[in-house]
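Numbered by the numbering used here, the letters in the sequence shown go through residues 53 to 335 in order.
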Amino acid sequence: MHIALAAHFWGQPTTGSGQYLHRLVDALVAESGLALTLIGDAAAAQRAAPPAGVAWQTATTPFDGRSDNLAKLWFEQRAAPQLAEALAVDVLHVPYFAPPMRCAVPTVVTIHDLIPMLLPMYRGNALVRGYTALAGRAAPHSAHLIADSEASRRDILDHLPVTAEQVSTVYLGVDAQFHPQSDDAVSALRQRLALPDEFVLYLGGFDVRKNVPLLLEAVACSTGDWPLLIAGKLPTSDTPFTPDPQRLVDKWGLSERVRFLGWVEEADKPALLSAASLFVFPS
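This is the structure:
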């Protein structure tokens, strides 16, 4: 079987869709009898080379270098489907919510969530809403849809014009590197980052759905002794969509109890998680 994957996020491996795509390709490479082709732009292949044995097909659009948004839309609706047809693949897998309206080969689409439809803060301007509406209208044209969870599957069935038979839940896996680390590995990271012996850890994004302000409010109301360590790239501006946690720390007088670690490399995350006394994820 020859599978093509729409690899728009291949060059963004730290995003959720990028991680999903990379780990999916790793798993498919391990399967025998599969031929894989990634369809994406030239820059993505330069930022992250495909694994051995995986072909790369460069897609171009009339909007390259002129408009990233229009280039992405053209890629999803025209370039990727046309290349999949030209390659005579058996399946085109689009690993994020961007189903093509028309594709001559069977298309499987992973819909991680319907946040742009369900949360008002994420609906965006008229152009963003139009893009989301197009994706919703195109969904029934897919041969099959994949949801990450039963909650997402229910949302898909409630808000998209598709049948229950068209949607399957395929739960996300855990990367092989994420397991309890050795004492030596944890000790080395603890020393390098000057980590306390006991701490609460948050690792993630800072847009409003991540609920970091609620976490900081909980710290302000608590009487516990464990410090809260917050890991991740902080927002560059303080807006309702990306509230600046540093401002809230100052507002509630939490500077002695909250520490910002900043960006954490992928290789350090397993030991950091192992070092934490408690991991919190209030999303």
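We treat Cβ as the ideally placed atom computed from N, Cα and C, and that holds for glycine.
Keep in mind it's a predicted model, so treat the numbers as computed, not measured.
In this structure, the straight-line span from the alpha carbon of residue 216 to that of residue 168 is close to 21 angstroms.
When secondary structure is reduced to three states using DSSP, residue 212 falls in the coil class, being assigned neither helix nor strand.
When DSSP states are grouped into helix, strand and coil, residue 288 belongs to the coil group. With contacts defined as CB atoms closer than 8 angstroms, residue 335 and residue 285 fail to qualify as a contacting pair.
Beta-bridge analysis with DSSP links residue 54 to 87.
Burial check for residue 60: the Cβ neighbour count within 10 Å reaches 16 or more, so the residue is buried. From the listed residues 249, 296, 121, the smallest Cα separation to residue 184 is found for 121.
When 153, 223, 197 are compared, the shortest CA-CA separation from residue 189 is found for 153.
The Cβ-Cβ distance between residue 192 and residue 158 does not fall below 8 angstroms. Non-local beta-carbon contacts of residue 208 in its own chain, meaning distances under 7 angstroms to residues more than five positions away in sequence, involve 163, 166, 197, 199, 214, 219 in chain order. Scanning the stretch 143-220 for uninterrupted alpha helix (DSSP H) segments of 4 residues or longer gives 167-170, 178-190, 202-211, listed from N- to C-terminal end. Straight across, the Cα-Cα distance linking residue 302 with residue 311 is about 12 angstroms. In this structure, residue 99 sits near residue 63, with a CB-CB distance shorter than 8 angstroms. In this structure, the straight-line span from the alpha carbon of residue 288 to that of residue 221 is close to 36 angstroms.
By the Cβ rule, the stretch 129-142 counts as touching the stretch 101-117, because three or more pairs are nearer than 8 angstroms.
Annotation: the continuous alpha helix (DSSP H) that includes residue 80 extends over 68-81.
Each residue's CA atom was taken as its position, placing residue 202 and residue 105 some 34 angstroms apart. For residue 127, same chain residues with a beta-carbon under 7 angstroms away, outside a window of 5 residues either side, are 60, 111, 113 in chain order. Taking all protein chains in view, the Cβ of residue 258 is crowded by 16 or more other Cβ atoms within 10 Å, so the residue is classified as buried. If you look at residue 255, you'll find it in the beta strand (DSSP E) that goes 252-255.
Remark: C-beta atoms of residue 233 and residue 323 approach each other more closely than 8 angstroms. Counting C-beta atoms within 10 angstroms of its own C-beta, residue 224 has fewer than 16 neighbours from the protein chains shown and is therefore classed as exposed. For residue 109, the uninterrupted beta strand (DSSP E) segment begins and ends at 107-110. In this structure, the CA atom of residue 78 is about 45 angstroms from the CA atom of residue 305. Taking C-alpha positions only, residue 139 is separated from residue 294 by approximately 42 angstroms. Taking the Cα of residue 148 as reference, the smallest distance to any Cα among 141, 58, 246, 107 is reached at 58. Approximately 12 angstroms separates the beta-carbon atoms of residue 316 and residue 247; this is outside 8 angstroms, ruling out the contact. In this structure, residue 55 and residue 143 form a Cβ contact; the two beta carbons are roughly 5 angstroms apart against a cut-off of 8 angstroms. Put simply, of 283, 174, 187 the residue whose alpha carbon is nearest the alpha carbon of residue 151 is 187.
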